[in-house]
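Visitor:
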Amino acid sequence: MINPDSTYHVMGLTRYVDDRDFPARGLHCVVFFSPLAKGKIRDLDTSAAREVPGVAFILTAKDIPGENQIGGIIQDEVLLAEDEVNFVGMPVAVVYAWTEDAAREAVGRIKINIAEETPVLDPREAYNRNELIAPVRTFTLGDAEQAIASAAYVAKGQAESGAQEHFYLEGQVTVATPSEEGNLHLSSGTQAPTSVQRCVAKVCGLAMNRIEVDVRRLGGGFGGKEIQANTWACFAALGAQKSGVPCRMVLRRSDDMPATGKRHPYSSDFTLALDGEGKFLAFKVMYYQNAGAAADLSTCILERTLFHATASYYVPNVHATAASCRTNITPNTAFRGFGGPQAMFVFEAAIREASRISGICVETLQRKNLLKTGDCFAYGMAAEDAQAQRCWDRAYEHYDLQKRMRAIDDAQRKEKKTPGQLSRYGRGYALMPVCFGISFTTIFLNQARAHVHVYTDGSVGVSTGAVEMGQGVNHKIRELVADSLGIAPGRVKLESTNTTRVSNTSPTAASSGSDLNGAAARMACEMIKERLFKFMADEYQCAPEDFSLRQGRLYREGKACEVGWEDLVIQAYCSRVQLSAEAHYSTPDLHFDKSVEKGRPFAYHTYGTAYFEAEVDRLLGTYRIENAYVVHDLGRSINPLIDLGQVEGGMVQGIGWLTMEEMRYDETGRPLTATAGTYKIPDISSAPLDMKVQFLEDIYNDKAVKGSKAVGEPPFMYGIGAFFAIKMAAGCEKPSYCAPITPERLFGELREEV
Amino acid sequence: MKKSCRFILNDKEMEFSLSQGRSVLDLLRKDLGLYGTKEGCREGECGACTVILGRIPLVAYRPMPSCLMPAGQLNNTHLVTIEGLQGERPNRLQQAFINQGATQCGFCTPGFIMSLTGYLLEERTVTVQGAVDDLGGNLCRCTGYGSIRRAVEETVEPLLGKVPSLQGLIELDLLPAYFAGIPQRLATLRRKSPADSPDLTFERFDGNRPLIAGGTDLYVQRGDALNKSDPRFLIPESEPIRVEEGMIEIPASATMEQLRGDPHLIDQFPGWREKLLVIGSHILRHRATLGGNLVNASPIADCAVLLLALDAQIQLVSSQGSRRRFPLREFFLGYKELDLKRDELVESLLVTKHDDAQLWNYAKVSKRERLDIAGCNSAAVFTVNKGAFASVGLALGGVAPIPFTARRTMAWLKEKPLTRETFLGSMKVLQEEISPIDDVRGSAEYKRRLASALMADHYLHCFPDICSYHDFVKGGTL
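Going line by line, the protein sequences match chains A and B.
So for the first sequence, our numbering puts the first residue at 1; every next one is plus one.
So for the second sequence, our numbering puts the first residue at 755; every next one is plus one.
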């Protein structure tokens, strides 16, 4: 069945948070941000701003009734600056006015005097100054040093990957409405309703039960609204609490981009050792993560970087160290892949370097070392039911890769042999295998609840902790519930995500939305079915197990009964059978011991392989990704159309990260590309023209709901292949693993060759 | 100051008094509660706020970003928002998006639907590539565009190779039936108030009021102030491009899309339409005017560079009605400094009409190929006589404080033989006369080398038999 949300989307009927009439007796808030990256506030002058007609009040740190603290994991981030600023875009004051225009005008009149200090922008420099968010962590397996000492080839190098702006189309938004008792209702664009609830409660000095957070849907999230929705929700809440009227906080793009965190830039040193045949012997790596000015989710993201240090490969000896370094840019945050992409980029760079020094072709190195079932990761878990080699081999076979690659190799060889025939346009290819662990690595988050109501007409309402942000989680749950109850999906309605209906929700993140919430919804359905079957068993004088529900009918021992779903429901209701259920799901068998950095942090892994071809114009340094062919393992797909969209969409986002998306800061820490005009995400003509995706169709994953696998994040990392296809097409001999490979950078690399 | 404005919004005649400078996006969302049009960036970069504007009989329907449109320009128009396509159920195009899963979070979707509907309404021959090209101004962060391409293919399939008519689109369930009556209703509207704009620019001069044409630069630079302003207007695409006395006369109000679609220019400059695809996006090219692009005086202005290479003349008109005409290259005096007096306006640009096709090239390098400001751009026009250059027009953006005419290089090339050595030599001359600086678009060093590369691109494009890429690599000029 097709996702019914799409009908509203295409007709423009879908309502996002700001798509409602806002009352005239309501306040609009606009934030005054720090213009400097580091310094002590000498003076903040809001007097002229207060004079602007229509301004109700202005809040600064001292006006916060609760705690001025929004740190998620580590309590190191103030909501509003107190006596110092730590990054450009740090909120300093909030203007509340009866019109948005007045609020904006007032913000323009706020004056700040800061004793400017020299900011730290480079994570390595921060590391050297011991500016760390948390103690450095190291994952080890075997003895890397010894293996390196005895290796035939040792590849060493440095890899850099840049920040990435989420560019969700709907900016950060919350509307807060106070009730007569002084409770607050928040309509928020957040991936983590409970996180908003907890944070607002703390800042407002209220108990959590007085804060109700409701989320209908987001216009895109990608991790950018996992924890970073909190700030803006707090501003709306503070205004509503103080004024007693509704308060609207909508970040404009021009405020959203400079003020919100990005994907973490990483700078890394790697050593990859191999034997004479190209078997990987050891991998040693040091990751310097640019966390920005506060912890945010950096430590968790860093942890996932360590989990994915060896990407899709088996390496028997590993020494991976990671430091989260405090700098003076926006606190960086979750973004699809959550540290995994940064790790995999480093490892793929190491493979290229290994190929360069050993002369063994990249694909041979990749294929030879792909994970097999039973191979142990550095964190102590063994790969179960590994599909890395199958996806790889299937890609070769299905897309005739051998032939495609040979054609490009031949052209390159010919070019090298005949000097004087250097071609302006070069083609290149790259394969990118992905293995991604599924589960929150913070183990307690792997829980979800669902509430299912069956109404007396047989229609069904479902509430879960999952937030719909375009990934189709609501529709997947709808199909799971409909399947479980044997009714048409059209009979099932997904309610908004609301903290009063489903409490203590985990963020919709880590690709786990449908795994966790879908499983909980199915469990709730099973509870209702059990009661219905027991009721019918009493009526028919038989065993409850004899019954099943299919196609809107009750079946007894495989034969259709006269009783339809609607009859069954109303009869059960009249016999006082409970037709609602709440179920709780927690992923089994997860554990991790940080003291030894070993355990079983993931329920399972998902696998896949992507193949890219790129063409480079060596004269101008421009390029085009022409083909992207994927074989992806997502178990038994709940909805192939949704899953295809996740694979294609994730992949193109990944391509963007490593190609045109460039977040630049000047030497004072001011972002230079934090506008829609200067920061470029892929458009329709820069996405690969020829995209093909094939799913492994015969996998049943018994670790997730109905044999499925999570799909949100893994395809993002395919984009890494596009980077290396461009590099091959450019034909630069000199090793450089620096992303994003913007036309400017590629142009420079090409010229160094000449 | 509020003024009355009369237009048709979807199926309804509207007349109300409003701030002339208020953006149509704010008018729709904040004043009228039409929430189907989304605010994504207020810069015309994302396309989430795309609407379709119909002006009949002068022009047909055009999709454009509503965030950069002043409401005062709506007089006598038909403004179509996503709500205006609505029947009881999704139409054929909307259904194709549903079928292909071409909508995920949904926030960009109304914009895509409007752009594609606009494409079908533009009275051009329908092709898949054309439709995809016209979606260049609509960003989607969720889908990766695969499903959107498939939805485009599904939608245009019955129309391929045809020029759809309003009636045809209604019959194919791509437009609601009320569109059939709009031309008549617009004619009635125009009878009541003949002027498209309550303040025609050239007639009532008032230098204190901002002058807005397409608004594509102004609303990005100071949208909040303009929202409250009482501007004068130069209505985009309000006049045709004409040929008179051997000159192609392009009015200042000509949009970049009008320029791109002009048959004279297309004939004179082979590949014109394709090469100009890298300028802005389809929806922006329907707003951005030539006059605006020139007076914004950006050193990287795409159209300025193009017209400089074409050796265009600029014609100015003063409030007294006196006119000045001189070479465009003399118009740019210094960074953001123009030879334009306070009471003067750009009236038109003039390009010499040639009967035969010219040797020319236009190239631009930016992070994203389309809808991005260039690191460097360049245009060149060559005429050749007996194996030597008879004349050369060469201009570059991003290498000087102004859109730069490479006069020394042009002079040096004149009468030089068409040889590799000439080509390589010219690049040295070019290097001596440019002076790029470091900025967010690229370092000075990058732009310096890019200038040579663009020059090589011109030669490779225009004289492929005389030079090869290898010559330039070997020649060490890159």
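We treat Cβ as the ideally placed atom computed from N, Cα and C, and that holds for glycine.
All figures in this text were calculated on a predicted structure; none of them were measured in a lab.
Measuring only the C-alpha atoms, how far is I148(A) from P135(A)?
Guide: Roughly 26 Å between the two C-alpha positions.
Visitor: Apart from the five residues just before and just after G775(B), which ones in its own chain have a Cβ nearer than 8 Å to its Cβ?
Guide: Closer than 8 Å at Cβ, skipping near neighbours: P824, A825, G826, P964, I966, L980, N981, K982, S983, D984 and P985.
Visitor: Do three or more CB pairs link the region 233-243 of chain A to the region 43-61 of chain A at distances below 8 Å?
Guide: Judged by Cβ distances under 8 Å, the region 233-243 of chain A makes contact with the region 43-61 of chain A, as three or more pairs qualify.
Visitor: With distance defined between alpha-carbon atoms, name the residue in L532(A), L590(A) and C542(A) nearest to I570(A).
Guide: Of L532(A), L590(A) and C542(A), the residue nearest in Cα terms is L532(A).
Visitor: Could you check whether L1232(B) and R1203(B) sit closer than 8 Å to each other, using their CB atoms as the reference points?
Guide: Yes, Cβ-Cβ distance for R1203(B) and L1232(B) is below 8 Å.
Visitor: Can you tell me whether DSSP reads R1195(B) as helix, strand or coil?
Guide: Reduced to three states, the DSSP call for R1195(B) is coil.
Visitor: Could you tell me the distance, in whole angstroms, from the CA atom of V1071(B) to the CA atom of R996(B)?
Guide: About 18 Å.
Visitor: Can you give me the C-alpha to C-alpha distance between L1099(B) and I1191(B), rounded to a whole angstrom?
Guide: About 30 Å.
Visitor: Fully enclosed by the region 1029-1068 of chain B, which beta strand (DSSP E) runs are 3 residues long or longer?
Guide: Qualifying beta strand (DSSP E) stretches: none in this window.
Visitor: For the candidate residues G162(A), A323(A) and F33(A), whose alpha-carbon lies nearest to that of R124(A)?
Guide: It is A323(A).
Visitor: Within its chain, find whatever has a CB closer than 6 Å to the CB of Y555(A); leave out the 5 residues flanking it on each side and keep chain order.
Guide: Excluding residues within five positions, the ones whose Cβ falls inside 6 Å are S548.
Visitor: For L1013(B) versus E799(B), is the C-beta spacing smaller than 8 Å?
Guide: Going by C-beta atoms, L1013(B) is not nearer than 8 Å to E799(B).
Visitor: Which residues of the region 1197-1215 of chain B have a Cβ closer than 8 Å to any Cβ of chain A? Give them in chain order.
Guide: Those residues of the region 1197-1215 of chain B that come within reach of chain A (Cβ to Cβ, closer than 8 Å) are S1197, Y1200, R1203, L1204, A1207, L1208, A1210, D1211 and L1214.
Visitor: Quick one, are the C-beta atoms of N209(A) and K279(A) less than 8 Å apart?
Guide: Taking 8 Å as the Cβ cut-off, N209(A) and K279(A) do not qualify as a contacting pair.
Visitor: Have a look at T7(A) and I301(A) and give me their C-alpha separation to the nearest angstrom.
Guide: Approximately 36 Å between the Cα atoms of the pair.
Visitor: Below 7 Å on C-beta distance, what does G465(A) contact in chain B?
Guide: Within 7 Å Cβ-Cβ: nothing; G465(A) doesn't reach chain B, min ~19 Å.
Visitor: Taking 8 Å as the cut-off, decide whether the C-beta atoms of P433(A) and A388(A) are in contact.
Guide: Result yes, Cβ atoms of P433(A) and A388(A) sit closer than 8 Å.
Visitor: Nearest to H166(A) by alpha carbon, out of A233(A), G719(A), N498(A) and G261(A)?
Guide: Comparing Cα positions, the closest option is G261(A).
Visitor: Spell out whether any CB of chain B is found under 8 Å from the CB atom of P743(A).
Guide: P743(A) counts as touching chain B.
Visitor: Span of the alpha helix (DSSP H) holding S355(A)?
Guide: Its alpha helix (DSSP H) spans residues G340 to S358.
Visitor: If I'm right that T804(B) touches A850(B) with Cβ under 8 Å, what's the distance once you round it to whole angstroms?
Guide: Not really, about 17 Å apart at Cβ, beyond 8 Å.
Visitor: Can you find a CB in chain B that lies within less than 8 Å of the CB of D19(A)?
Guide: Taking Cβ atoms only, chain B reaches closer than 8 Å to D19(A), which makes this a yes.
Visitor: Using a Cβ-Cβ cutoff of less than 6 Å, which residues in the same chain neighbour M1181(B) once the five nearest sequence positions on both sides are dropped?
Guide: S1206, M1209 and T1231, listed in sequence order.
Visitor: When the cut-off is 8 Å and only beta carbons count, does G12(A) lie next to chain B?
Guide: Yes, G12(A) counts as interfacial toward chain B.
Visitor: Name, please, each residue of chain B whose Cβ falls closer than 7 Å to the Cβ of H28(A).
Guide: What H28(A) touches in chain B: nothing, since even the nearest Cβ is about 11 Å away.
Visitor: Give me the residue from D255(A), W565(A) and F139(A) with the minimum Cα distance to T305(A).
Guide: When each option's Cα is compared against that of T305(A), the closest is F139(A).
Visitor: Please return the same chain residues whose Cβ sits closer than 8 Å to the Cβ of G1027(B), not counting the five positions on each side in sequence.
Guide: Strictly speaking, residue 1027(B) in this sequence is Arg, with Gly absent from that position. If we look at R1027(B) and ignore the five residues flanking it on each side, its Cβ neighbours are R1014, G1015 and I1020.
Visitor: Give a yes or no on whether 8 Å exceeds the smallest Cβ distance from S901(B) to chain A.
Guide: Yes, because at least one Cβ of chain A sits closer than 8 Å to the Cβ of S901(B).
Visitor: Compare the C-beta of R664(A) against all C-beta atoms of chain B and say whether one is closer than 8 Å.
Guide: Yes, R664(A) counts as interfacial toward chain B.
Visitor: For S514(A) and S947(B), what's the separation of their Cα atoms in angstroms?
Guide: The alpha-carbon atoms of S514(A) and S947(B) are separated by roughly 58 Å.
Visitor: So, A103(A) versus V92(A), is the Cβ gap smaller than 8 Å?
Guide: Going by C-beta atoms, A103(A) is not nearer than 8 Å to V92(A).
Visitor: Closer than 7 Å by C-beta to I836(B): which residues in its own chain qualify, once you throw out the five before and the five after it? Chain order, please.
Guide: Taken in chain order, the residues that qualify are G790, T791, P864, I867 and M868.
Visitor: Pull up the distance between the alpha-carbon of G890(B) and that of A931(B), whole angstroms please.
Guide: Cα to Cα, G890(B) sits roughly 28 Å from A931(B).
Visitor: Can you find a C-beta in chain B that's less than 8 Å from the C-beta of R216(A)?
Guide: For R216(A), the answer is no, since every Cβ of chain B falls outside 8 Å of its Cβ.
Visitor: In whole angstroms, what is the alpha-carbon distance linking V631(A) and G608(A)?
Guide: Rounded to the nearest angstrom, the two C-alpha atoms are 6 Å apart.
Visitor: Return helix, strand or coil for A123(A), following the three-state DSSP convention.
Guide: Correcting the residue identity first, residue 123(A) is Pro in this sequence and not Ala. The answer is helix: DSSP assigns P123(A) an H, G or I state.
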